[in-house]
Amino acid sequence: MDLALQDKVALVTGGSRGIGRAIALALAQEGADVTFSYTSNEEAAQATIGAIEAAGGRASARRFDVKDPEACRAEVDALVKAKGSLHILVNNAGVALDGLLMRYKDVDLHRSFETNVFGPFYLARAASRAMMKAKWGRIIMLGSVIGEMGNVGQSAYAATKAALDGLTRSLARELASRSITANVVAPGYIDTDMTKALPDEARARLVEMIPAGSVGSPEDIAHTVAFLASERARYITGQVIEVNGGLHM
Ligand code: NDP
């Protein structure tokens, strides 16, 4: 039986840990040839490769910073040269640098936008060339429930994630005629390093607000991404798909 992503080449940013690791694994399990990026955690990147290979998949890791436009362009070009094309781009790498507006530092504002918005822009720009040539493509952004709702202490993070919604809708309009879709998957609270930083009390209060009664798992997000990457989702584009246990609706 053919797998859903057989013969597809995928790039997932931030695949060493958390949601990105689960996405890389899910795409590989559907037959995609997966390359993922990371910045610092070599050990975690090797663990992701190990998990993918143990599941019978193919994966490689590349160390580069999505904040660097030259690196993004060079990495996509090298990938296309080595694999022949690039069909699926998942812009997952992101940072949440929290702080109240009045005390928020310029350096954190810049780092938030450079990582969460500029990086996805650079990579979508580079990848769209190969996708146009292939007349097939999937661009999937990791947004956030915070981008839809806003949150105290997360104005910069919320702004970056809301920016991704607008970017994605524009890409969807520009690229739809070439069978390239662009969508955002907006997670609610998912159990990863990013949310482990929350104190127990804050976490318990948060869970009370979620109709489903629990935080989500990285796999909840990965399954949605794998579906959007497949041919079955060909008619879904320009959408923000919220996966949040009902936290926002
Ligand atoms: P983690 O903090 O667990 O992992 C972040 C990943 O991004 C790591 O692999 C990290 O690499 C990589 N990364 C960070 N900065 C860069 C950079 N400049 N260039 C390349 N890679 C980078 O995050 P999550 O798995 O929790 O989140 C993944 C995405 O989902 C993010 O976009 C986040 O905003 C979004 N999200 C998460 C939610 C949650 O509840 N966890 C909720 C809503 C949205 P390394 O390990 O090498 O540093």
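Count along the sequence shown from 1, then add 217; that gives the number in the working numbering. Each residue gets a CB set at the ideal place from its N, CA and C atoms; glycine is no exception. The model shown is predicted, which means the values in this text are computed figures rather than measured ones.
Check                                                                                                                        : Outcome
Nearest neighbour of Ile356, chosen from Val324, Tyr374, Ala389 and Ala421 [CA to CA]                                        : Ala389
Best match in Tyr255, Ser431 and Gln223 for proximity to Tyr406 [C-alpha to C-alpha]                                         : Ser431
Ile236 beta carbon near the ligand NDP (any heavy atom closer than 7 Å)                                                      : yes
Endpoints, the beta strand (DSSP E) within which Gly354 is located                                                           : Gly354 to Leu359
Where the beta strand (DSSP E) containing Glu247 begins and where it ends                                                    : Element bounds for Glu247: n/a, residue is neither H nor E.
Cutoff 8 Å: Gly336 Cβ touching any chain B Cβ                                                                                : In the structure shown, chain B cannot be found, because there is only a single protein chain.
Classification of Ser233 by the beta-carbon crowding that lies within 10 angstroms, buried from 16 upward                    : buried
Leu415 versus Ile240, Asp315, Val229 and Asp294, residue with shortest Cα-Cα distance                                        : Asp315
From Val229, Glu247, Leu222 and Ala261, residue whose alpha carbon lies closest to that of Asp410                            : Ala261
Opening and closing residue of the alpha helix (DSSP H) in which Glu391 lies                                                 : Ser372 to Leu392
Pair within 8 Å by beta-carbon distance, Gly455 and Thr385                                                                   : yes
Cut-off 6 Å between Cβ atoms - residues of its own chain near Met349, not counting five sequence neighbours on either side   : Arg395
For Ile266, the nearest candidate out of Ile240, Met366 and Glu287 (CA to CA)                                                : Ile240
Runs of alpha helix (DSSP H) wholly within the region 408 to 432 (minimum 4 residues, chain order)                           : 410 to 413 and 417 to 426
Selection from Gly311, Gln223, Tyr374 and Ile438 that minimises the alpha carbon distance to Lys322                          : Tyr374
Range covered by the alpha helix (DSSP H) that runs through Arg290                                                           : Pro286 to Lys300
Proximity test, Val460 beta-carbon vs the ligand NDP heavy atom, cut-off 7 Å                                                 : no
Nearest neighbour of Trp353, chosen from Leu445, Leu317, Glu459 and Asn258 [CA to CA]                                        : Leu445
For Pro404: DSSP bridge partner residues                                                                                     : Val460
Distance cut-off 7 Å: Thr332 Cβ against heavy atoms of the ligand NDP                                                        : yes
Reference Ala291, options Arg275, Ala276, Asp325 and Arg342, closest by Cα                                                   : Arg342
Chain-order list of residues whose beta-carbon lies under 8 Å from that of Val401 (same chain, five-residue window excluded) : Ile357, Met358, Leu359, Gly360, Leu381, Asp382, Thr385, Gln456, Val457 and Ile458
Asn333 beta carbon less than 8 Å from that of Gly237                                                                         : no
Range covered by the beta strand (DSSP E) that runs through Ile438                                                           : Premise fails: Ile438 lies in the alpha helix (DSSP H), Pro435 to Ala446, not in any beta strand (DSSP E).
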